[in-house]
Amino acid sequence: MRIAILALQGAFAEHEKTLSRLGVESFEIRQLRDLDRPLDGLIIPGGESTVQGKLMDDLGLTEPVRRLIESGLPVWGTCAGLLLLARRIANDVRTHLATMDVTAVRNAYGRQLGSFSTRGSFAGIPDVPMTFIRAPYIAQAGAGVRVLATADDRIVAAREANQLVTAFHPELGDDLTVHRYFLDMVCKQVAR
Ligand code: GLN
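My numbering puts the first residue of the sequence shown at 5, with every later residue one more than the last.
This is the structure we're talking about:
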């Protein structure tokens, strides 16, 4: 199994480290030709969604990545990655890949004016640590979207078929729950 990590900006190195702790091979997507390598899943890291979105456009990555996602490639967006995947952003005219049927709200999550950590249930798994840094939340999710976690009554993790999003940053801590969940999605897709 090989996981590609979008490495234009933000917390991509932390995802690489977490995957290597799990014994999973990963490589970075920095330019269009990196997409020629075989990949079983893609992680879009946290950082700044507007910067990552612009760099993806400038590098000609937006359309090819969108096509990969639409053809079923498992993808996980953390924080800014959630914003890149959201079809609608309530407080921004821009959208980016816009493949997932959710409305996200930028920089607007309750206590997140700074950053904070909490623990909660993720996909039925109790007590998962969640670190939020100027995080978005999901204000509205389409019929095909399954809510996986909430915090302060906001949707902070969700899944639509091959797409997973978390408003929080599992790669910044030691807990491996969400990485394992994503790798399980990838395994099931590879097995098909
Ligand atoms: N506020 C950032 C954005 O709008 C996301 C923050 C993060 O990824 N930690 O892209």
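Built from N, CA and C at the ideal position, the CB exists for glycine as well.
In this chain, the beta strand (DSSP E) harbouring V169 covers Q167 to T170. In this structure, the CA atom of L176 is about 21 Å from the CA atom of L89. For A84, the three-state secondary structure derived from DSSP is helix. The segment 95 to 115 makes contact with the segment 146 to 163, as at least three CB pairs between them are under 8 Å. Measuring C-alpha to C-alpha distances from G64 to each of D38, S121, R123 and F31 identifies D38 as the nearest. Annotation: the continuous alpha helix (DSSP H) that includes M60 extends over S53 to D62.
Cβ contact annotation for R123 (same chain, cutoff 8 Å, sequence separation greater than five): D131, V132, P133 and M134, in chain order. Here DSSP, grouped into helix, strand and coil, assigns S30 to strand. In the pairwise beta carbon analysis, the segment 161 to 179 is classified as touching the segment 73 to 90: at least three pairs are separated by under 8 Å. Note on the segment 69 to 150: whole beta strand (DSSP E) runs with a minimum of 3 residues are 79 to 82, 90 to 93, 104 to 109, 119 to 126, 129 to 137 and 141 to 145, in chain order. With respect to the C-alpha of A153, the residue from A127, N166, I142 and L180 having the closest C-alpha is A127.
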